[in-house]
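What follows is a short report on a single structure.
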Amino acid sequence: MARVFSGIQPSGDLHLGNLLGALVNWERMQHEHDSVFCVVDLHALTLLQDAETLRSQTIELAQLLLAVGIDPEKSILFVQSHVPQHPQLAWLMECTVSYGELSRMTAFKDKSNRDGTKFVSAGLFTYPALQAADILLYDTDFVPVGDDQRQHVEITRDIAERFNSRFGETFVVPEHFIPPAGARVMDLQRPDRKMSKSEGESPGTVFVLEDPKKIEKKFKRAVTDSESEVRYDIEAKPGVSSLLDILGAVTGEDPESLASKYEQYGPLKTDTAEAVIEMLRPIQARFAELKEDPAETARLLKVGADKAEPIASEVLARAKHNIGLLS
Ligand code: ATP
Ligand code: LTN
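In the numbering used here, the protein residues as written are 118 to 444.
What follows is the structure, given as structure tokens:
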């Protein structure tokens, strides 16, 4: 059976982009593949975090993953820092990737240049080496992610291929899985920018746990354009195309054929808001239940780590042996 691996950072509130770009596919893929999903708390440390907030966001994100339908009986669900093989393999990855390759990562350029960023950690720069370790430790075949992670999966492939050619067959070379609709959910106010967690509360971001009334308002106020024709054209009509993309991802229909059903922006906005709210309703209800018992979530995460560790430790041992470390 093919192996699936993906990760998500506990770095802020979960939004519609995370859900449509990644999580719905995690849920879907767990029924057909051997799946491993990880809350990547070590990655979150690349930006300064408040300790208590990080701890509570880690549990809350795990509860959200469970609420979305990640089933701990079907998938392995765990927290990255509970499996020490991740940072151990990351060092070998850092020595297999070059400074030049890391310098070309757009995520690093974006995050290190953000307004108000005073401290750029070395971890933010070497971040893709840890991500490569995450993926390669599980002999992963497919990595379901949003479009913004394309470059990070690509560099993981390059690292795996380089390691294999230098030291002999060690790693499975993974492929990304990027969905046809919802891979790049745009900010409703700035349709040239992706919806992002670390932007914080913003009128352009729809949160998974947001009140339906507020969601409706955000869609009503979504930026479109001064024409009135509903057409799927990302270049010329980014706002409208983004709404069609969201509606397509939620309903499973093709955004271009959805466009032909609408003559005005108003009904498109109302229908998109309604579809999103309906999709979120059961997730919000299930989350409210899970939230009551954080100790049970913590227990499930420990069980997950106990299942992940033997797989990771076998692959790490293979890599250490092949690179010439004493066993
Ligand atoms: P940050 O803003 O801190 O970078 P993020 O919102 O990009 O956070 P991540 O934890 O980095 O969230 O990503 C989790 C998953 O969600 C990844 O697979 C990522 O590709 C996907 N994702 C994030 N933003 C979007 C988006 N706007 N559209 C589609 N997928 C997205
Ligand atoms: N870099 C990713 C999070 C991430 C990840 C991974 C995704 C860390 N490790 C392994 C897929 C596979 C992000 O910022 N979205």
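The beta-carbon is built from N, C-alpha and C at its ideal position, and this holds for glycine as well.
From Asp264, Thr163 and Glu211, pick the residue whose C-alpha is nearest to that of Phe225; which is it? Thr163
Between Glu391, Lys191 and Ser359, which has its C-alpha nearest His148's C-alpha? From the listed residues Glu391, Lys191 and Ser359, the smallest Cα separation to His148 is found for Lys191.
Per-residue burial, Met118 [other beta carbons within 10 Å of its own, 16 or more giving buried]: exposed
Could you tell me if Gln381 is buried or exposed, where buried requires 16 or more neighbouring beta carbons within 10 angstroms of its beta carbon? exposed
Helix, strand or coil for His199 per DSSP? It is helical.
Nearest-angstrom Cα distance between Glu218 and Glu292? 19 Å
For Val237, which residues of its own chain have a beta-carbon under 6 Å away from its beta-carbon, when the five flanking residues on both sides are left out? Ser229
Taking Arg274 as the reference, give the member of Gln248, Gly263 and Ile295 with the closest Cα. Gln248
Selected residue, minimal CA-CA separation from Pro372, among Ala300, Leu442, Gln180 and Ser152: Ala300
Closest to Thr213 by C-alpha separation, out of Lys386, Ile276, Gly369 and Ala434, would be which residue? Ile276
Between the CA atoms of Asp342 and Asn135 - distance to the nearest angstrom: Cα-Cα distance, rounded: 25 Å.
Indicate whether Phe195 and Leu433 have their beta-carbon atoms separated by less than 7 Å. no
From Val289 to Arg310, what does the alpha carbon distance come to, in whole angstroms? 33 Å
List, from N- to C-terminal side, the alpha helix (DSSP H) runs of 4 residues or more that fit wholly inside the stretch 237 to 273. 239 to 253
Tell me whether Val260 counts as near the ligand LTN, meaning its Cβ is closer than 6 Å to at least one heavy atom of that ligand. yes
Please state if the CB of Pro127 and the CB of Val156 are separated by a distance shorter than 7 Å. yes
Please name the residue in Asp151, Lys408, Met146 and Leu206 whose C-alpha comes closest to that of His438. Leu206
Tell me whether the beta-carbon of Ser198 lies closer than 7 Å to the beta-carbon of Leu159. Going by beta carbons, Ser198 and Leu159 fall inside the 7 Å limit.
Checking 7 Å against the spacing of the C-beta atoms, do Gln174 and Leu407 come in under that value? It is not a contact, given that the beta carbons lie outside the stated cut-off.
Considering only residues of the same chain and omitting the five flanking positions on each side of Asp304, which have a CB-CB separation below 6 Å? Arg310, Met312 and Gly321
If we count the other Cβ atoms within 10 Å of its Cβ and call it buried at 16 or more, is Ser185 buried or exposed? In the sequence as displayed, the identity of residue 185 is Val instead of Ser. Buried, since its Cβ has 16 or more Cβ neighbours within 10 Å.
Compare the beta carbon distance of Phe324 and Lys386 with 7 Å and say whether it is the shorter of the two. The answer is no: Cβ separation not under 7 Å.
Is Asp309 helix, strand or coil when you go by DSSP? coil
Bounding residues of the alpha helix (DSSP H) (the contiguous stretch that carries His160): Asp158 to Ala161
Could you name the residues that DSSP lists as bridge partners for Ser345? According to DSSP, Ser345 bridges with nothing at all.
Would the beta-carbon of Phe122 fall within 7 Å of that of Ile295? no
When every heavy atom of the ligand LTN is checked, does at least one fall within less than 6 Å of the C-beta of Val157? yes
Nearest neighbour of Met222, chosen from Leu241, Asp232 and Ile394 [CA to CA]: Of Leu241, Asp232 and Ile394, the residue nearest in Cα terms is Leu241.
Where does Ile125 fall in DSSP's three states? strand
Between which two residues does the alpha helix (DSSP H) containing His438 stretch? First-last of the alpha helix (DSSP H) with His438: Pro411 to Ile440.
Exposure label - Thr389; buried when at least 16 CB within 10 Å: Thr389 comes out buried.
Cα-Cα separation between Ala353 and Asp362, rounded to whole angstroms: 15 Å
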